[in-house]
Amino acid sequence: TLTAEEIERLYGAIRQVLRQGIENRGTTLVAYRDAEGREGRNQEYLRVFRRRGRPCPRCGTPIERIVVGGRGTYFCPQCQR
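Laid out in structure tokens, this is it:
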């Protein structure tokens with residue numbers, strides 16, 4: 029259960045991540061291009077994606093990978109609880 033303060037912080041963080049993704053035209057991991065033929069740039073800001081076992085850039089804890097809803101998710105067990 030989240031407190032009201034935690035909900036507010038999570039809501040703000042989600043909005044920030046979505047805004048950043050839109051501003052950077054999405055995350056291009058393969059060969060995706062938008063309607064104007066431009067690649068997304070958001071992948072330049074991913075800090076833990078595909079870094080399982082490598083140190084978190086923030087705290088040094090090894091990055092872990094779990095499957096959620098059939099999709100792989102990477103996270104730092106120390107920073108992202």
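Its first residue numbered 29, the sequence shown is counted upward by one per residue in the numbering used here. We put the CB at the ideal spot given by N, CA and C, even for glycine. Note that the coordinates shown come from a computational prediction; the quantities given were computed from them, not determined experimentally.
- Each of Gly-49, Arg-43, Gln-106 was checked against the Cα of Glu-67, and the nearest Cα belongs to Gly-49.
- Counting along the chain, the unbroken alpha helix (DSSP H) around Glu-34 starts and ends at 32–51.
- For Phe-77, no beta strand (DSSP E) run applies, since DSSP gives it neither H nor E.
- DSSP places Arg-66 in no beta strand (DSSP E); its state is neither H nor E.
- Shown here, Arg-86 sits in coil according to DSSP, grouped into three states, outside any helix or strand.
- Ranked by how close their Cα comes to the Cα of Glu-92, the residues Cys-84, Phe-103, Pro-83, Glu-64 have Phe-103 in first place.
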